[in-house]
Amino acid sequence: MKHGKKYVEAAGLIEKWKAYPLNEAVELVKKTSNVKFDATVELAIKTNANPKYNDQMLRWTTILPFGTWKTTKVAVFVSDDKLDEAKKSGADVYGSADLLTKIKDWNLDFDVLLTTPESIRELAPAAKILWPKWLMPSPKAGTVTNDITRTVEEFKKWKIEYKLDKTGNVHVAVWKVSFDADKLEWNISAILTALDENKPSGVKWKLVKKVVISSSMWPGVLVEYVGK
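Residue numbering for the sequence shown follows this note's numbering, starting at 822 and increasing by one per position.
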């Protein structure tokens, strides 16, 4: 793929096979981003996990120390007696049987779906719709909860979900290029720490093989990282 002059110049500032300390990598990403909009800083993590095996699957959440730039649209599926709580929680979408009907009609106008332990079974008829979109509530993902209000607040402000893609990689948007370098570092470190702490039991080697950060449409920077 042929790149433009600005991209080539930016790539020239980065040693292709060098793994940089996180603080240097962040500074390079900020320095090499040359677009008219506030580009997103993206974290790409190559792992030793194979998503074909259940004991190597990874789907978890973590709270970023400095949050993200966007607000997550949260839906809450609860029983009728908890509708008032769901309404007061600040959820963007909430309901019981009516929400289930919308989901079964492929009306998925939300980023995260929460439910309670007693209501999770009621979502079974929509599982085939929700699972492929990674929207099916799960205790591991923190989306099955008894504290609806607190969980809605976390997802709308600080909490993000990460998961393996089909090739065993994890991709997370951590903030914008304009964000302070030290805060970007804290957010990235929080994600890497959470990955190590929640290493799937089936992964016998180190979970993280390679970490790369980049800004939208610009060269990636290899990060020096030794995980578990």
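Every residue, glycine too, gets a C-beta built ideally from N, C-alpha and C. These figures come from a predicted structure and were not determined experimentally.
Residue burial annotation: P1040 is buried, with at least 16 other C-beta atoms found within 10 angstroms of its C-beta. Look at V933 here: in three-state DSSP terms it is strand.
Comparing C-alpha distances from V850 to each of M1038, W955, T883 shows the shortest one belongs to M1038. For T883, the number of other beta carbons within 10 angstroms of its own is at least 16, and it is reported as buried. Inclusion of G888 and V973 in the CB contact set at 7 Å is not warranted, their separation being larger than that value. When C-alpha distances from V933 are compared across V897, P842, A994, the shortest belongs to V897. One alpha carbon belongs to L1016, the other to K1030, and they sit about 12 Å apart. Under the three-pair Cβ rule at 8 Å, the stretch 988-1006 counts as touching the stretch 843-860.
Positions of the beta strand (DSSP E) runs, each at least 3 residues long and wholly inside the stretch 866-903, are given as 880-884, 895-898 in order along the chain. Under the criterion of beta carbons closer than 8 Å, R880 and K984 qualify as touching, at roughly 4 Å. Distances from the CA of W1007 to each of W838, L843, Y915, L944 were compared; the closest alpha carbon is that of L843. Scanning its chain for C-beta atoms nearer than 8 Å, with the 5 sequence neighbours on each side dropped, one finds around W838 the residues L1043, in chain order. DSSP places A907 within a helical segment (H, G or I) once states are collapsed to three. The Cβ atoms of L885 and A1011 lie closer than 7 Å to each other. It is roughly 28 Å from the alpha-carbon of S1036 to the alpha-carbon of G963. The residues V897, V899, K903, E906, A907, S910, A912, L935, T937, in chain order, have a CB closer than 8 Å to that of I969 in the same chain once the five nearest residues on each side in sequence are set aside.
Per DSSP, the continuous alpha helix (DSSP H) segment holding S1010 begins and ends at 1002-1018.
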